[in-house]
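Using my numbering, the first residue of the sequence shown is number 793, and each one after it goes up by one.
All residues carry an ideal CB built from backbone N, CA and C; glycine is no exception.
The structure presented is a predicted model; accordingly, all values stated were derived computationally and were not measured.
Everything below concerns the one structure shown next.
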Amino acid sequence: MNKQIFVNLAVKDLDKSKAFFEALGYTFNPQFTNESGACMVIADGSIYAMLLTEPFFKTFVDKPLVQAKEATEVLVCLSCESREEVDALVAKAVAAGGRAPRPPQDHGFMYGHGFEDLDGHIWELAWMAPQA
């Protein structure tokens with residue numbers, strides 16, 4: 793079995809979060825999706841985000857939840873195949889109700905930008921030149 797990553801994120805409103813990420817083009821695996829959580833497919837077979845309602849998320853931890861709109865808990869960074877893909881995903885996120893907290897960063901060999909989702913989780917997007 794290949795290694796896989798499942799990023800687990802607490803969300804306030806699962807239906808709104810699903811609609812937000814569907815607007816970015818992501819799908820959900822119905823086998824691992826119910827009223828308490830949704831398995832978002834980022835890269836089929838390797839990368840997933842589990843969007844968990846706050847009450848369900850709390851069943852996995854003994855510490856208080858970070859409110860992502862008030863404090864940074866994690867930076868999730870995804871690679872993209874082009875600068876255009878980076879910009880397109882940020883534009884879709886903003887159109888769906890997210891926000892781009894900083895301008896894009898262009899380092900020539902690497903280009904990045906990011907967005908905050910409806911709950912304030914930060915998603916960084918990066919493209920690197922193939923020869924870098």
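Inset, instruction - Going by CA-CA distance only, name the one from Pro847, Glu814 and Glu827 that's closest to valine 833. - result: Distance from the Cα of valine 833 is smallest, within the candidate group Pro847, Glu814 and Glu827, for Glu814.
Inset, instruction - Hey, could you find the ends of the beta strand (DSSP E) glutamate 908 is sitting in? - result: Taken as a continuous stretch (DSSP letters only), the beta strand (DSSP E) holding glutamate 908 covers 902-908.
Inset, instruction - Taking 8 angstroms as the threshold, find out whether the segment 862-872 comes into contact with the segment 903-915 through three or more Cβ pairs. - result: Verdict: yes, contact present.
Legend entry - Nonlocal neighbours in the same chain, by C-beta distance under 8 angstroms from aspartate 854, ignoring five residues either side: Non-local beta-carbon contacts of aspartate 854 in its own chain, meaning distances under 8 angstroms to residues more than five positions away in sequence, are absent.
Inset, instruction - Counting only the same chain and skipping the five closest in sequence on each side, list residues whose C-beta sits under 6 angstroms from that of proline 896. - result: So the list reads His905, once near-sequence residues are dropped.
Legend entry - Option in Cys831, Asp836, Ala835 and Gly837 with minimal Cα separation from threonine 845: Ranking the options by Cα distance to threonine 845, first place goes to Cys831.
Legend entry - As assigned by DSSP and simplified to three states, the class of leucine 816: Judged by DSSP in its simplified three-state form, leucine 816 adopts coil rather than helix or strand.
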